[in-house]
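Asker: Residue numbers (the working numbering): 67 to 162.
Ideal Cβ positions, reconstructed from N, Cα and C, are used throughout, including at glycine.
All of these numbers come straight from a predicted model, not from anything done at the bench.
1) Hey, how far is the Cα of residue 93 from the Cα of residue 114?
2) Does the beta-carbon of residue 162, which I'm using as the reference point, lie nearer than 7 Å to any heavy atom of the ligand COA?
3) Which residue marks the beginning of the alpha helix (DSSP H) containing residue 161, and which one marks its end?
4) When you compare only the Cα positions, how much space is there between residue 136 and residue 158?
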């Protein structure tokens, strides 16, 4: 290659340098675009991880809320039974 370049005229060398520089710019542009796409994918992956973490945390919150609601309903039902028992006893006492 080195010997081939020695036989080229100055104008041919300039054209060759110009084409090589043009190719370098084109490759740099493609590299920049690929890096931008990679960064966008990494951000998407990070967000997906964050969303998954948030979903897991929300799942825990919803589970705790469900347990609290179940406990509240159980308490209300127990009080309702107690109230029914007291009402029945009061009615019985009124008859006696």
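Answerer: Walking through what the data contain:
1) Near 31 Å, if we compare the C-alpha coordinates of residue 114 and residue 93.
2) Only the bare structure without any ligand can be found here, which leaves the ligand COA out of the picture.
3) Residue 161 -> alpha helix (DSSP H) spans 76 to 161.
4) Distance between the alpha carbons of residue 136 and residue 158 is about 33 Å.
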